[in-house]
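Asks: Those letters in the sequence shown? Residues 2 to 120, by the working numbering. The structure under discussion is supplied below as structure tokens; questions concerning it will follow.
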Amino acid sequence: PSGQMEAALALGATRWEVVRTTVLPFGLSGYISGAMLGLGRALGETIALLIILRGTQQAFGWSLFDGGYTFASKIAATASEFNDQYKAGAYIAAGLVLFVLTFVVNSLARAAVAGKGSR
């Protein structure tokens with residue numbers, strides 16, 4: 002909004018005030034949408050990451066916090082090894098955490114965009 006930026010500067014606003022009161026509110030829905038797309042992409046990269054990292058893993062570890070795996074790719078990599086009920090329960094819980102995290106992020110994004118539209 003170059004006209005609004007010029008108007009704010011003409012009224013005596015500093016450059017930071019112009020950014021804070023004119024530029025950021027104007028593009029807020031775009032910033033939130035971009036962040037949600039990036040986060041959704043990062044949370045959803047399962048098979049691509051699994052294929053790339055499959056040959057690099059030396060020994061299988063049961064920690065969900067080992068580097069190189071996301072929750073989803075860890076579950077996909079070990080789906081055939083769910084013979085122990087505790088390990089299967091741990092991976093099902095990890096999937097539930099992933100689902101809840103995705104749901105919360107999407108809900109927050111919708112609330113932020115809806116709140117922006119009501120102002």
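Cβ coordinates follow ideal geometry from the N, Cα and C atoms, glycine included.
Looking at the secondary structure, which residues open and close the alpha helix (DSSP H) in which D21 lies?
Replies: Note on identity: in this sequence residue 21 is Arg, with Asp being the wrong assignment. Element bounds for R21: n/a, residue is neither H nor E.
Asks: State yes or no: is the C-beta of T103 within less than 8 Å of the C-beta of Y92?
Replies: Not a contact, by the Cβ cut-off of 8 Å.
Asks: Using C-beta distances below 8 Å, list every residue in its chain close to V19, excluding the 5 sequence neighbours before and after it, in chain order.
Replies: Around V19: M6, A9 and L10.
Asks: Beta-carbon separation of I76 and A95 under 8 Å?
Replies: Contact: yes.
Asks: Do you know how far the Cα of A73 is from the Cα of L97?
Replies: Those two C-alpha atoms are separated by around 10 Å.
Asks: Give the secondary structure of G13 by DSSP, where H, G and I count as helix, E and B as strand, and everything else as coil.
Replies: Three-state result, G13: coil.
Asks: How long is the line joining the alpha carbons of T23 and P2, rounded to whole angstroms?
Replies: Roughly 8 Å separates the two Cα atoms.
Asks: Determine the extent of the alpha helix (DSSP H) in which F83 is found, giving its start and end residues.
Replies: No alpha helix (DSSP H) holds F83; DSSP gives it neither H nor E.
Asks: In whole angstroms, give me the CA-to-CA distance for G35 and A14.
Replies: Taking the straight line joining both Cα atoms gives about 28 Å.
Asks: For A115, I'd like the list of residues in its chain whose CB is within less than 6 Å of its CB, leaving aside the five on either flank, ordered along the chain.
Replies: Around A115: no qualifying Cβ.
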